[in-house]
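Quick note, the sequences are listed as chains P and C, same order.
Residues in the first sequence are numbered consecutively from 4, following this note's numbering.
Residues in the second sequence are numbered consecutively from 4, following this note's numbering.
Built from N, CA and C at the ideal position, the CB exists for glycine as well.
First comes the structure, then the notes that go with it.
There are 2 protein chains.
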Amino acid sequence: MTTKPDYGQHYLVDFRRCDPETLRFVGPTREIFLRAARESKATLVGDDFYQFDPEGVSGVILIAESHLIVHTWPEDGFAAVDIFTFGDEMDAEVAIAVLKAGFRAEEAVVRVHTRGRLDEAESGGAIVG
Amino acid sequence: MTTKPDYGQHYLVDFRRCDPETLRFVGPTREIFLRAARESKATLVGDDFYQFDPEGVSGVILIAESHLIVHTWPEDGFAAVDIFTFGDEMDAEVAIAVLKAGFRAEEAVVRVHTRGRLDEAESGGAIVG
């Protein structure tokens, strides 16, 4: 039944040596994340952010193009983000640039995967079952 | 500031040739997803599921260990899932098995990444900026 060449691009981005102040609480983290979604032309469907005690945030923005999600470790200045985008509307590179600036990250490590590719050898996946 | 050896395992799983009935509406998709979270010993923090018109679902379960998220293409019998888990409590392999059975997928293509590894060469990431 699979008829599409692929199901979009999935970016896994590790932001290192961030400003911890941007990662501690929902307020600043959510603001930076929403800005990244808007500036990258994503179509917002909904968002949810959770505060961990005493600090640290998990948050998701569901978008028509799929999702942006973040988990922060302010004590280490570290944020793990993933951006999954289907179609040509949204520019994930813009989102990554906005997040890097917003978190004041000294480094962003980016991995990109194409989802649902039929040529497994290229996609690097292992077929299970 | 980065003191941890890594920040957990990120599984990208493409489920192919699923039963489309399990992917069309929030009800069945959410039920299967919550079962996968529970049986894999994840600690649920919150969940949100969105219905696309006329069919198709995006849903997220935020967990203390990070997240499970799904996007479905029922017309193709395809579901893109990712499971990000930090620590040893949750067994992502159990979640994948529950989802594969629940979606009645004939095939699951699994990619696993370690987040935040210091040895970039092994992690396969590109450092940006």
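Beta carbon proximity, residue i to chain P, threshold 8 Å
i                   : result
valine 48(C)        : yes
tyrosine 10(C)      : yes
valine 63(C)        : yes
leucine 15(C)       : yes
phenylalanine 81(C) : yes
aspartate 22(C)     : no
arginine 114(C)     : yes
Residue i at chain C interface by Cβ criterion, 8 Å
i                : result
glycine 105(P)   : no
isoleucine 72(P) : yes
glutamate 125(P) : Low per-residue confidence applies at glutamate 125(P): pLDDT is 43, beneath 50, and the placement is therefore not dependable, though the value from the model is reported in the following sentence. Cβ-Cβ to chain C under 8 Å: no for glutamate 125(P).
arginine 27(P)   : no
aspartate 51(P)  : yes
serine 43(P)     : no
glycine 132(P)   : Legend: pLDDT at glycine 132(P) = 46, less than 50; position of this residue unreliable, no value from coordinates given.
glycine 119(P)   : yes
Separation of residue j from residue i, as counted between CA atoms
i                   : j                   : result
valine 84(P)        : isoleucine 99(P)    : 9 Å
glutamate 96(P)     : threonine 46(C)     : 32 Å
valine 113(C)       : methionine 93(C)    : 17 Å
tyrosine 10(P)      : proline 23(P)       : 34 Å
phenylalanine 87(P) : glycine 80(P)       : 23 Å
glutamate 123(C)    : phenylalanine 55(C) : Bear in mind that the predicted position of glutamate 123(C) carries a pLDDT of just 48, short of 50, making it unreliable; the figure below should be weighed with that in mind. Straight-line Cα distance between these residues: approximately 38 Å.
phenylalanine 28(C) : lysine 44(C)        : 25 Å
glutamate 42(P)     : valine 73(C)        : 24 Å
cysteine 21(C)      : glycine 59(P)       : 36 Å
threonine 75(P)     : alanine 39(C)       : 24 Å
proline 57(C)       : alanine 104(P)      : 38 Å
methionine 4(C)     : serine 69(P)        : At methionine 4(C) the pLDDT is 49, less than 50, meaning the model places this residue with poor confidence; the figure from the coordinates comes in the next sentence. Taking the straight line joining both Cα atoms gives about 32 Å.
proline 31(C)       : threonine 117(C)    : 31 Å
Cβ-Cβ distance between residue i and residue j below 8 Å
i               : j                    : result
proline 77(P)   : leucine 37(P)        : no
leucine 71(C)   : serine 61(P)         : no
alanine 67(P)   : phenylalanine 106(P) : no
leucine 15(P)   : histidine 13(C)      : yes
arginine 33(P)  : glutamate 109(P)     : no
aspartate 51(C) : aspartate 51(P)      : yes
valine 115(C)   : tyrosine 53(P)       : no
Residue i: CB within 7 Å of a non-hydrogen atom of the ligand GTP
i               : result
histidine 13(P) : Here there are no bound small molecules, and the ligand GTP is not part of this structure.
Coil, strand or helix - residue i by DSSP
i                    : result
aspartate 17(P)      : strand
serine 69(C)         : strand
threonine 25(P)      : helix
phenylalanine 106(C) : coil
threonine 46(P)      : coil
arginine 33(P)       : helix
Neighbouring residues, chain C, relative to residue i (Cβ below 8 Å)
i               : result
aspartate 85(P) : His13, Asp85, Phe87
8 Å Cβ cutoff, residue i in contact with chain D
i              : result
aspartate 9(P) : Absent from the structure: chain D. Protein chains present are P and C.
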